[in-house]
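**Q** Residue numbers (the numbering used here), protein chains in the order written: chain A, 1 to 142; chain B, 1001 to 1142.
Below you will find the structure I want to go over with you.
2 protein chains.
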Amino acid sequence: MTSRARKRRDTTPEPGGRFAYGRLERVIHEKARLGILTSLLGAPEGLLFTELKELCALTDGNLSRHIQVLQEAGLVEVWKGFRGNRPQTLCRITAEGRTRFEQYLEELERVVADAARAAEHARSTAPPRTGSPRWLDGLSPA
Amino acid sequence: MTSRARKRRDTTPEPGGRFAYGRLERVIHEKARLGILTSLLGAPEGLLFTELKELCALTDGNLSRHIQVLQEAGLVEVWKGFRGNRPQTLCRITAEGRTRFEQYLEELERVVADAARAAEHARSTAPPRTGSPRWLDGLSPA
DNA sequence: GGATGTACTTTACACCGCAAAGTAACTCCG
DNA sequence: CGGAGTTACTTTGCGGTGTAAAGTACATCC
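What follows is the structure, given as structure tokens:
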């Protein structure tokens, strides 16, 4: 049932693939942003720019940019105001942000579980292999 | 104890930070590569290019590039040879690759655990908040 | 023999994380 | 008062990179 009449070359992968992890949203799947979202998940009342900066050990510019991205993606809301006379930015995860992050986390758990299963499987079937595989005709190490 | 004599501006974050996740290696922390490494973890004897392509639902070019990156990082070995008269590429995770990936996975578990804790904490303390936070003087939604 | 398929590699580019520099307003000190 | 330093950010610049598209080389089918 491979469709006939593909005009030009088309290497589009069939969806699926046991280890494709398509649900790992790009916007979320990022070191720094993972930290930010995790922090915010635990603080429904929101966190200040400075608090986030500390928690995630980010530079100002870095954090600024990531917040902007998360905001544009609709994952967080940003409130700008003043505390006394200094500017203060408050970030809060949105309802949508929470659900999307939770979906992402489910997929992450799947990664961890798959890896654990894989490691287990490998350990139980074959002793850790070294040396060259011999079932290839002409073989070269790189 | 903040060091005196910082000549110019320096926003370098102190290492640490509860949600910094510094152990999430860049090379590994990538959707596609996560799939590849997980696949390889479960197959100590290695996997063929085509098998990986299927498993991870990647295009040829894409997979080629990622394998190259992983190889340059020392995480996988690549063997090139022929099966019959067609070229066949075999990838195998290296010993170092396995340990680095396992370290990465530990950090990933930490992310998941932290997020779970955060969600739990949020649920138990405050009812999900909506509306504007009122403890900022001049507030504006964006 | 050329059209199509397999098994890749190479190229091209748009996007993006991150550090450094910039802005603006306040505070401290001599 | 002035300027040096701090806070709380935003903007800019650039080097790195994921991905689609095109390219290569060989084999097979009609």
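Note that the Cβ used here is the ideal one computed from N, Cα and C, for glycine as well.
Quick one: any contact between the region 20-34 of chain A and the region 98-112 of chain A, if contact means 3 or more CB pairs under 8 Å?
**A** Counting Cβ pairs under 8 Å, three or more are found: they touch.
**Q** Candidates A:Q88, A:G22, A:R83: which alpha carbon is nearest L48 (chain A)'s?
**A** Your numbering for residue 48 (chain A) matches position 48 in the first sequence. Selected option, being the one with the closest Cα: A:Q88.
**Q** Starting from the N-terminal side, write out each stretch of the beta strand (DSSP E) that is 3 residues or longer and does not extend beyond the region 46-106 of chain A.
**A** Listed in chain order, they are 76-83, 86-93.
**Q** For I67 (chain A), count the other beta carbons within 10 Å of its own beta carbon; 16 or more makes it buried, fewer makes it exposed. Which is it?
**A** Along the first sequence, one-based indexing puts residue 67 (chain A) at 67. It counts as buried.
**Q** Going by Cα to Cα distance, which pick from A:L24, A:R23, A:E51, A:G22 is closest to C91 (chain A)?
**A** Sequence index remark: in the first sequence, residue 91 (chain A) carries index 91 (1-based). Nearest C-alpha to C91 (chain A): A:E51.
**Q** Under 8 Å between C-beta atoms, does H29 (chain A) make it to chain B?
**A** What you label residue 29 (chain A) is simply residue 29 of the first sequence in a count that begins at 1. True, the Cβ-Cβ gap to chain B drops below 8 Å.
**Q** Mind checking A122 (chain A): buried by the 16 CB within 10 Å criterion, or exposed?
**A** Along the first sequence, one-based indexing puts residue 122 (chain A) at 122. Buried.
**Q** DSSP state of L1024 (chain B), grouped into three classes?
**A** Within the second sequence, the letter at position 24 stands for residue 1024 (chain B). L1024 (chain B): coil per DSSP, three-state reduction.
**Q** Tell me the residue span of the alpha helix (DSSP H) that contains R18 (chain A).
**A** As a position in the first sequence, residue 18 (chain A) is number 18, starting the count at 1. Taken as a continuous stretch (DSSP letters only), R18 (chain A) belongs to no alpha helix (DSSP H), as it is neither H nor E.
**Q** Kindly list, in the order they appear in chain B, the residues whose Cβ is closer than 7 Å to that of F19 (chain A).
**A** Along the first sequence, one-based indexing puts residue 19 (chain A) at 19. Under the 7 Å cutoff, chain B gives G1035, T1038, S1039, L1055, C1056.
**Q** With a CB to CB cut of under 7 Å and the five nearest residues on each side skipped, what residues in its chain are close to S39 (chain A)?
**A** Taking the first residue of the first sequence as position 1, residue 39 (chain A) is located at position 39. Taken in chain order, the residues that qualify are L47, L52, L55, C56.
**Q** Check this for me: beta carbons of L58 (chain A) and R33 (chain A), under 8 Å apart or not?
**A** Your numbering for residue 58 (chain A) matches position 58 in the first sequence. Your numbering for residue 33 (chain A) matches position 33 in the first sequence. No, these two residues do not count as a Cβ contact at 8 Å.
**Q** So is S1124 (chain B) buried or exposed if we call it buried at 16+ other beta carbons inside 10 Å?
**A** Within the second sequence, the letter at position 124 stands for residue 1124 (chain B). By the 10 Å Cβ count, S1124 (chain B) comes out exposed.
**Q** Could you pull the start and end residues of the alpha helix (DSSP H) that A32 (chain A) belongs to?
**A** Numbered from 1 along the first sequence, position 32 holds the residue referred to as residue 32 (chain A). Counting along the chain, the alpha helix (DSSP H) containing A32 (chain A) begins and ends at 31-41.
**Q** Assign E77 (chain A) to buried or exposed, taking buried as 16 or more other Cβ atoms, counted over all protein chains shown, within 10 Å of its Cβ.
**A** Against the first sequence, residue 77 (chain A) aligns to sequence position 77. It counts as buried.
**Q** Looking only at C-alpha atoms, which of B:L1105, B:G1017, B:R1110, B:I1093 sits nearest to V111 (chain A)?
**A** Sequence index remark: in the first sequence, residue 111 (chain A) carries index 111 (1-based). The shortest C-alpha separation from V111 (chain A) is found at B:L1105.
**Q** Report, in whole angstroms, the separation of the C-beta atoms of L1041 (chain B) and A115 (chain A), which I expect to be a contact under 8 Å.
**A** Numbered from its first residue, the second sequence carries residue 1041 (chain B) at position 41. Numbered from its first residue, the first sequence carries residue 115 (chain A) at position 115. Rounded, the Cβ-Cβ distance is 6 Å, consistent with contact.
**Q** Using a Cβ cut-off of 7 Å, pull out every chain A residue sitting near A1118 (chain B), in sequence order please.
**A** Position 118 of the second sequence, counted from the first residue, corresponds to residue 1118 (chain B). Those within 7 Å of A1118 (chain B) in chain A are T38, L41, G42.
**Q** How many angstroms separate the CA atom of A119 (chain A) from the CA atom of I1093 (chain B)?
**A** Within the first sequence, residue 119 (chain A) is the residue found at index 119, counting from 1. Within the second sequence, residue 1093 (chain B) is the residue found at index 93, counting from 1. Cα-Cα distance, rounded: 12 Å.
**Q** Exposed or buried, what is A1020 (chain B) when buried is set at 16 or more other beta-carbons lying within 10 Å of its beta-carbon?
**A** Numbered from its first residue, the second sequence carries residue 1020 (chain B) at position 20. Looking at its Cβ environment, which holds 16 or more other Cβ atoms inside 10 Å, A1020 (chain B) is buried.
**Q** Return the residue from the list A:R117, A:I36, A:G61, A:A95 that minimises the CA-CA distance to G74 (chain A).
**A** Residue mapping note: residue 74 (chain A) aligns to position 74 of the first sequence, counting from 1. Nearest option by C-alpha distance: A:A95.
**Q** Should V1111 (chain B) be flagged as near chain A, meaning a C-beta pair shorter than 8 Å?
**A** The sequence position of residue 1111 (chain B) within the second sequence is 111, counting from 1. So yes, V1111 (chain B) belongs to the interface.
**Q** Could you check the C-alpha separation between G1035 (chain B) and E45 (chain A) for me, to the nearest Å?
**A** Numbered from 1 along the second sequence, position 35 holds the residue referred to as residue 1035 (chain B). Numbered from 1 along the first sequence, position 45 holds the residue referred to as residue 45 (chain A). Approximately 36 Å, taken between the alpha carbons.
**Q** Express the C-alpha separation of R1023 (chain B) and L1037 (chain B) in angstroms, rounding to a whole number.
**A** As a working mapping, residue 1037 (chain B) is identified with position 37 in the second sequence. As a working mapping, residue 1023 (chain B) is identified with position 23 in the second sequence. Approximately 17 Å, taken between the alpha carbons.
**Q** Residues of chain A with a CB under 7 Å from the CB of L1047 (chain B): which are they?
**A** Numbered from 1 along the second sequence, position 47 holds the residue referred to as residue 1047 (chain B). What L1047 (chain B) touches in chain A: nothing, since even the nearest Cβ is about 11 Å away.
**Q** Return the CA-CA distance between G1016 (chain B) and R1086 (chain B), expressed in angstroms with no decimal places.
**A** Reading the second sequence from its first residue, position 16 is the one you call residue 1016 (chain B). Reading the second sequence from its first residue, position 86 is the one you call residue 1086 (chain B). So the two alpha carbons sit approximately 51 Å from each other.
**Q** Kindly indicate which three-state DSSP category K1007 (chain B) falls into: helix, strand or coil?
**A** For the purposes of this step, residue 1007 (chain B) is identified with residue 7 of the second sequence, where counting begins at 1. Because K1007 (chain B) sits at a pLDDT of 44, beneath the cut-off of 50, its placement in the model cannot be relied upon, and the following sentence gives the value as read from the coordinates. Three-state result, K1007 (chain B): coil.
**Q** So, under 8 Å CB-CB, L108 (chain A) and L1108 (chain B) are touching, yes? Tell me the CB distance rounded to an integer number of Å.
**A** Counting from one through the first sequence, the residue named residue 108 (chain A) turns up at place 108. Counting from one through the second sequence, the residue named residue 1108 (chain B) turns up at place 108. Indeed, because the Cβ distance is near 6 Å, the residues count as touching under 8 Å.
**Q** Residues of chain B with CB under 8 Å from L144 (chain A), in chain order?
**A** With chain A running from 1 to 142 in the structure shown, residue 144 (chain A) is simply not present.
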